[in-house]
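Data block below; observations after.
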Amino acid sequence: MSQDSADLVSFRVARRVETGERARSHFADRIFSGLLLGSAWIILIVVCGLLAVLVKASWPALTTIGFKAATLAWSPSDDRYGVLSFAFGTVVTSIIALALAGPMGIAVALFLSELAPKRLAGPVSMLVELLAAVPSVVYGLWGLFVLAPVMRTVVQPALGKWLGFLPLFQGPPLGIGMLTGGVLLSIMILPTVAAIARDVFAAVPIEQREGMLALGSTRWEMLTKAVLPYARQGVIGALVLALGRAMGEAMAVVMVIGNTPAVSASLFRPAYTMASVLANEFTEATGQTYVAMLIEIGLLLFGMSIVVNVIARALVWSVSPKGTRAV
Amino acid sequence: MSRLAVRNAWSAFMICVAAACAGIAALLLAIIVLYVLSKGAGALRPTFFTQIPRPVGIPGGGVANAILGSAEIIALASIAAVPIGTAAGVYLALFGRGRVAASVRFLSDVLTGVPSIAIGVFAYALVVLPARQFSAVSASVALGIIMLPIIVRTTEEAVRLVPHTIREGALALGIPAWKATLLVTVPVARPGITTGVLLAIARVAGESAPLLFTAFGNPQWSVGLTHPIAALPLVIFQYAISPYKDWQQTAWGGALVLIALVFALNLAARVALRSRFAR
Chain E
1 MSQDSADLVS FRVARRVETG ERARSHFADR IFSGLLLGSA WIILIVVCGL LAVLVKASWP
61 ALTTIGFKAA TLAWSPSDDR YGVLSFAFGT VVTSIIALAL AGPMGIAVAL FLSELAPKRL
121 AGPVSMLVEL LAAVPSVVYG LWGLFVLAPV MRTVVQPALG KWLGFLPLFQ GPPLGIGMLT
181 GGVLLSIMIL PTVAAIARDV FAAVPIEQRE GMLALGSTRW EMLTKAVLPY ARQGVIGALV
241 LALGRAMGEA MAVVMVIGNT PAVSASLFRP AYTMASVLAN EFTEATGQTY VAMLIEIGLL
301 LFGMSIVVNV IARALVWSVS PKGTRAV
Chain H
1001 MSRLAVRNAW SAFMICVAAA CAGIAALLLA IIVLYVLSKG AGALRPTFFT QIPRPVGIPG
1061 GGVANAILGS AEIIALASIA AVPIGTAAGV YLALFGRGRV AASVRFLSDV LTGVPSIAIG
1121 VFAYALVVLP ARQFSAVSAS VALGIIMLPI IVRTTEEAVR LVPHTIREGA LALGIPAWKA
1181 TLLVTVPVAR PGITTGVLLA IARVAGESAP LLFTAFGNPQ WSVGLTHPIA ALPLVIFQYA
1241 ISPYKDWQQT AWGGALVLIA LVFALNLAAR VALRSRFAR
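This is how it looks when you write it as structure tokens:
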């Protein structure tokens, strides 16, 4: 039954409502739908309010510092508020996270939607989704006490030994720094990539696969030549959404990245990200400009997340028009 | 070896690689959960749930105030977000055509992707700055905003799945539309709506970033809405980065409690959804 015929029915019911009890219920209907519409408007107001309040609260920084924020030096005690080193940290850690979690998440999604027997796909899907449910502060705790020591004693020395000729892997293995932050983030966004990509693959028509297999391809060739190209946009959308999550993550990163406003080529060095500087400095910030500047970083994060989400959702929707709900 | 054999071998190999990736993902979860379990179990004495933190060096004490504080903040956020979210979701499902509905859908999806710390900054600027005080209310504002889009979209989806014929049957009997919605459509969609609410609560129960500069934390018992309040994720963060062994131990205990709570909520959400198909 379509929406239109449903409306027609309600229209007819509404037309018959003229007197007595029915007039009262007509009145009640209007109040009721008014309440529903009002609730929907609250969503619009909240998002616009977010933007307005953040702009207003960061106004002192936007006017006094302005484009001087696009510099490197962050030293609030000397009135120097350059945020570029944070942007650098955010970009580097997110790229590491995406480089690790992207291919792996796609592989997991292929396994869950195409390869695994049904009995196995269900439970494994659930485990992957539970990985997304682990609170970020728990990831941070685990990252600080388990991942960071492992990185310091095993991973970083090995990388330094074999790939030390690259500037990326030079310097002392500290354990905390951009590489550890990126690796921790990759674990956190892996379920995002896997769950959305799985739903995108599920939307690929079965004829794609049957046609490819009928041409004599192997199962893997079927996946890489018929399924993946068909789902390409949706998979990119999943990656962009995961990137957005990585860029906005604060608590896990703040515990393992070292919190130093620095730009360095070596991934072993400590740094800062936009979200982690908020988590680390906000409550200790003194002075109007300092606080306003931090709020401006919050505003930047908000704007960034909107851009990322608009792009990602447009891509995901183009593949599965019903919308993918596994975010 | 023939060309076909090579292709088949390559295919089998890559399928194994994909399976291994899925195995690693599941293994990561097991590693993290088991590690938290082994580290945190030692901290869970009865006093952990009944007492407030003690100063460094004095054994005993617990995080009862933080558990209570978390419950209070989340309850307050739910009181606001659940009715608004479900009402907006019902609106989108039943009347959701046109520009307003499209923007609500779009913006609630965007809101899901906004970093929680940015929403915390918003609650700080909106509530804490004017009041000049960290407060439980400001934390609830932040968490409520995070819950909203999750509830809206799951409610919309659940209500959409209700067959139109049921609602039309009610309307044909002369029942006013609001009664048909509340007494016929919504009850049928209730498992889906419950799932959404539980998932939203699970999501905010673990949030710590938006609480840093709204709830702020409090080492004492505190339930006042206009005062700084303790919260479990905050205590985990503050104790984890402290240099003291017994505080770090408490952080692991808190992490265990938090993970257990969040997983229980997630499982409950699944069970609620399954009951829909069982009937």
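Chain order of the listed sequences is E and H. According to the numbering used here, the first sequence is numbered sequentially starting from 1. According to the numbering used here, the second sequence is numbered sequentially starting from 1001. Yeah, the Cβ is synthetic: ideal placement off N, Cα and C, and Gly gets one too.
Contact set between residue i and chain E, taken where Cβ atoms lie within less than 8 Å
| i | result |
| --- | --- |
| Met1147/H | In chain order: nothing, as chain E lies at least about 11 Å away. |
| Asn1266/H | Glu129, Leu130, Ala133 |
| Ala1088/H | Leu36, Ser39, Ala40, Ile42, Ile43 |
CB contact below 7 Å: residue i versus chain H
| i | result |
| --- | --- |
| Glu18/E | With a pLDDT of only 46 at Glu18/E, under the threshold of 50, the placement of this residue in the model should not be trusted; the figure read from the coordinates follows. Glu18/E does not count as touching chain H. |
| Trp317/E | no |
| Phe111/E | yes |
| Gly282/E | One detail in the question is off: residue 282/E reads as Phe in this sequence, not Gly. Interface residue, yes. |
| Leu190/E | yes |
| Ala339/E | As shown, chain E starts at 1 and ends at 327. That puts residue 339/E outside it, with no answer to give. |
| Val327/E | For Val327/E, the predicted model reports a pLDDT of 38, less than 50, meaning its position is unreliable and no value from the coordinates is stated. |
| Trp162/E | no |
| Leu215/E | no |
| Asp29/E | yes |
| Phe201/E | no |
| Thr324/E | A caution first: Thr324/E carries a pLDDT of 42, below 50, which makes its placement in the model unreliable, though a value can still be read off. Chain H contact via Cβ: absent. |
| Met1/E | Its pLDDT being 43, under 50, Met1/E is placed unreliably by the model, and the measurement read from it follows with that caveat. Closer than 7 Å to some Cβ of chain H, the Cβ of Met1/E qualifies, so yes. |
Residue-level contact to chain E via CB, residue i, 7 Å cutoff
| i | result |
| --- | --- |
| Phe1213/H | yes |
| Ser1108/H | yes |
| Ser1208/H | yes |
| Val1104/H | yes |
| Arg1279/H | Legend: pLDDT at Arg1279/H = 42, less than 50; position of this residue unreliable, no value from coordinates given. |
| Ile1259/H | yes |
| Ile1084/H | yes |
| Thr1185/H | no |
| Ala1269/H | no |
| Ile1015/H | yes |
| Ile1151/H | no |
| Val1121/H | yes |
Residue closest to residue i, alpha-carbon to alpha-carbon, out of the options
| i | options | result |
| --- | --- | --- |
| Ala1012/H | Trp162/E, Val91/E, Met222/E | Met222/E |
| Ala1087/H | Arg1203/H, Ile1015/H, Ala1251/H, Ile1193/H | Ile1193/H |
| Val1036/H | Val91/E, Gly140/E, Gly49/E, Leu243/E | Gly140/E |
| Leu1092/H | Leu1027/H, Ala1077/H, Glu1156/H, Gly1062/H | Glu1156/H |
| Arg1160/H | Ala1209/H, Val1186/H, Ser1135/H | Val1186/H |
| Met188/E | Ala57/E, Gly102/E, Phe282/E | Gly102/E |
| Ile297/E | Ser276/E, Ala271/E, Met212/E | Ser276/E |
| Ala148/E | Ser266/E, Gly303/E, Val256/E | Val256/E |
| Ala1071/H | Arg1274/H, Val1257/H, Val1271/H, Ala1009/H | Val1257/H |
| Ala1049/H | Ala1064/H, His1227/H, Ala1260/H | Checking the sequence shown, residue 1049/H turns out to be Phe, not Ala. Residue Ala1064/H is the option with its Cα nearest to Phe1049/H. |
| Lys1245/H | Lys1039/H, Trp1010/H, Ile1032/H, Ala1022/H | Lys1039/H |
| Gly1085/H | Leu1148/H, Phe1095/H, Ile1229/H, Arg1003/H | Leu1148/H |
Chain-ordered chain E contacts of residue i [CB-CB under 7 Å]
| i | result |
| --- | --- |
| Tyr1244/H | None at all; the shortest Cβ gap to chain E is about 14 Å. |
| Ile1079/H | Ordered by position in chain E, no residue passes the 7 Å Cβ test against Ile1079/H, which lies about 14 Å from the chain. |
| Ala1202/H | Ala133 |
| Leu1129/H | Ala57 |
Contacts of residue i in chain H (Cβ-Cβ under 8 Å)
| i | result |
| --- | --- |
| Ser94/E | Near Ser94/E there are no residues of chain H at all, since even the closest Cβ is about 12 Å away, more than 8 Å. |
| Glu221/E | Arg1007, Ser1011 |
| Ile311/E | Under the 8 Å cutoff, chain H gives no residues; its nearest Cβ is about 11 Å from Ile311/E. |
| Ile196/E | Within 8 Å Cβ-Cβ: nothing; Ile196/E doesn't reach chain H, min ~12 Å. |
Start-to-end residues for the alpha helix (DSSP H) that takes in residue i
| i | result |
| --- | --- |
| Glu284/E | First-last for Glu284/E: undefined, no H or E at that position. |
| Gly237/E | 232-248 |
| Ala1230/H | Premise fails: Ala1230/H is in no alpha helix (DSSP H) and is neither H nor E. |
| Ala1041/H | Run containing Ala1041/H: none; DSSP gives neither H nor E here. |
| Ala202/E | 178-202 |
| Lys118/E | 118-133 |
| Arg269/E | Neither: Arg269/E is in no alpha helix (DSSP H) and is coded neither H nor E. |
| Thr1165/H | 1164-1172 |
| Asp78/E | Neither: Asp78/E is in no alpha helix (DSSP H) and is coded neither H nor E. |
| Leu1092/H | 1064-1095 |
| Phe1122/H | 1116-1123 |
Contacts of residue i in chain H (Cβ-Cβ under 7 Å)
| i | result |
| --- | --- |
| Thr218/E | Arg1007, Asn1008, Ser1011 |
| Ala275/E | Pro1115, Ile1117 |
| Leu228/E | Going along chain H, no residue has its Cβ under 7 Å from Leu228/E, so there is no contact; the nearest lies around 12 Å. |
Contact list for residue i against chain H, beta-carbon separation under 9 Å
| i | result |
| --- | --- |
| Ser136/E | Ser1116, Gly1206, Glu1207, Ser1208, Ala1209, Pro1233 |
| Leu174/E | Chain H residues near Leu174/E: none, gap ~16 Å exceeds 9 Å. |
Item to check | Residues of the segment 1165-1178 of chain H with Cβ closer than 9 Å to any Cβ of chain E, in chain order | outcome: Here the close residues are Thr1165, Arg1167, Glu1168, Leu1171, Ala1172, Gly1174, Ile1175, Pro1176, Ala1177, Trp1178.
Checklist entry - Can you list, in chain order, the residues of the segment 1024-1054 of chain H whose Cβ is nearer than 7 Å to any Cβ on chain E? => result Listed by position, the residues of the segment 1024-1054 of chain H near chain E (Cβ gap below 7 Å) are Ala1025, Ala1026, Leu1028, Leu1029, Ile1032, Tyr1035, Val1036.
Item to check | Near-chain E residues of the segment 1221-1251 of chain H - C-beta to any C-beta below 7 Å | outcome: From the segment 1221-1251 of chain H, only Pro1233, Ile1236, Phe1237, Ala1240, Ile1241, Ala1251 have a Cβ closer than 7 Å to chain E.
Next on the checklist: To be precise: take each residue of the segment 57-81 of chain E, compare its Cβ to all Cβ atoms of chain H, and keep it if any distance is under 9 Å. Which residues remain?
Outcome noted: Flagged, chain order: Ala57, Ser58.
Checklist entry - Of the residues that make up the segment 254-273 of chain E, which ones have a beta carbon closer than 7 Å to any beta carbon in chain H? => result If the cut-off is 7 Å between Cβ atoms, the segment 254-273 of chain E has Met255 near chain H.
Next on the checklist: Short of 8 Å Cβ to Cβ, which residues in the segment 228-254 of chain E face chain H?
Outcome noted: Within the segment 228-254 of chain E, the residues whose Cβ lies closer than 8 Å to some Cβ of chain H are Leu241, Gly244, Arg245, Met247, Gly248, Glu249, Ala250, Met251, listed in chain order.
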